[in-house]
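Asks: One structure coming up, written as structure tokens, with questions to follow.
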Amino acid sequence: MTTAEILNRGMKCLTEQMGIVDAEHFISVIIREKFDYTKWQREYFDAKTTEEISTEASDFEAAHPFVSNAVRF
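Count along the sequence shown starting at 1, add 3, and that's the number in this note's numbering.
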């Protein structure tokens, strides 16, 4: 996937989920704050219990079922 394709796909995801205004705001915050995704992810997940993460994952799966020809185990 090219850089342009990744950017287009990312913007599509952001605007579909957040709307154009909030997506643009999100991007401006990321740029301004020199956002470190790895650090944020570590802090985010360290603050959650295993049960919370499991519940969130289950809720996400229920709301976004996997649809593909791939084999699921």
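C-beta atoms are modelled at their ideal positions from N, C-alpha and C, and glycine is treated no differently.
Using a threshold of 8 Å, state whether the C-beta atoms of Phe63 and Ile56 are closer than that.
Replies: On the sequence shown, residue 63 is found 60 positions in, with the first residue counted as 1. On the sequence shown, residue 56 is found 53 positions in, with the first residue counted as 1. Not a contact, by the Cβ cut-off of 8 Å.
Asks: So, with DSSP's three-state summary, where would you put His28?
Replies: Numbered from its first residue, the sequence shown carries residue 28 at position 25. Note: His28 maps to helix in three-state DSSP.
Asks: In three-state terms, what does DSSP make of Met4?
Replies: Along the sequence shown, one-based indexing puts residue 4 at 1. Coil, per DSSP.
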